[in-house]
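In the working numbering, the protein residues as written are 44 to 167. Working notes, beginning with the structure itself.
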Amino acid sequence: MITQDKDKYEDELTNSISYLENLGYSNIKADIDGYETPKSYLKKGSEIAVTPDIVAEKEGRKHIFDLSLKSQKPRLLKSKWLFLNTLSTIKSYRFRLITTRGHYKFTNETIDDINLDSIKLLKI
Numbered sequence: 044m045i046t047q048d049k050d051k052y053e054d055e056l057t058n059s060i061s062y063l064e065n066l067g068y069s070n071i072k073a074d075i076d077g078y079e080t081p082k083s084y085l086k087k088g089s090e091i092a093v094t095p096d097i098v099a100e101k102e103g104r105k106h107i108f109d110l111s112l113k114s115q116k117p118r119l120l121k122s123k124w125l126f127l128n129t130l131s132t133i134k135s136y137r138f139r140l141i142t143t144r145g146h147y148k149f150t151n152e153t154i155d156d157i158n159l160d161s162i163k164l165l166k167i
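Written out as structure tokens, the structure reads:
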């Protein structure tokens, strides 16, 4: 989810965090009030910051989660996913997308556009 959509989809982010807690994830960091904010990454040469929506640990491995919800700026969302996927590959993390009902088609089309077939979806 991009920063412009944070306020709009705050309930989905809260539901996703509780879903991950029920699955056994610990040390959850989220870009929402009440949780520690995950590390942000700055794009070199500009002031664009990329922050994962949720970072959690399970069985000693770090997982990066991003909410996949309909957006007015899908290009910005695609570049964020490509960056997070590359980062997780380099650092041996796991990258997952969380989507909810009504957003499946948007998510699948966006994944197909950027050829990220290896990403696993968590459907809530």
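Every residue, glycine too, gets a C-beta built ideally from N, C-alpha and C.
Quiz prompt | Beta-ladder partner(s) of TYR84, from DSSP | solution = Within the sequence shown, the letter at position 41 stands for residue 84. Looking at the DSSP assignment, TYR84 forms a beta bridge with VAL93.
Quiz item: Quick one: what's got a C-beta closer than 6 angstroms to PHE138's C-beta in the same chain, skipping five residues either side?
Solution: Within the sequence shown, the letter at position 95 stands for residue 138. Shown here for PHE138: same chain residues with a beta carbon closer than 6 angstroms to its own, the five before and five after excluded, namely ILE107, LEU127, ASN128, SER131 in chain order.
Quiz item: In chain order, which continuous runs of the beta strand (DSSP E) of length 3 or greater are located wholly inside the region 103-158?
Solution: Here the runs fully enclosed are 104-110, 137-142.
Practice problem: Using beta-carbon positions only, say whether ASP96 and LYS121 come within less than 8 angstroms of one another. | Solution: On the sequence shown, position 53 is the one that residue 96 refers to. On the sequence shown, position 78 is the one that residue 121 refers to. No.
Self-check item: Alpha carbon of MET44 to alpha carbon of SER161, nearest angstrom
Solution: Taking the first residue of the sequence shown as position 1, residue 44 is located at position 1. Taking the first residue of the sequence shown as position 1, residue 161 is located at position 118. Spanning the alpha carbons of MET44 and SER161 requires a straight line of approximately 19 angstroms.
Practice problem: Return the residue from the list LYS86, THR142, ILE167 that minimises the CA-CA distance to LEU119. | Solution: Position 76 of the sequence shown, counted from the first residue, corresponds to residue 119. Answer by Cα proximity: LYS86.
Exercise. Can you grab the Cα-Cα spacing for the pair SER59 / ILE133, in whole Å?
Key: In the sequence shown, residue 59 corresponds to position 16, counting from 1. In the sequence shown, residue 133 corresponds to position 90, counting from 1. C-alpha separation (whole angstroms): 25 angstroms.
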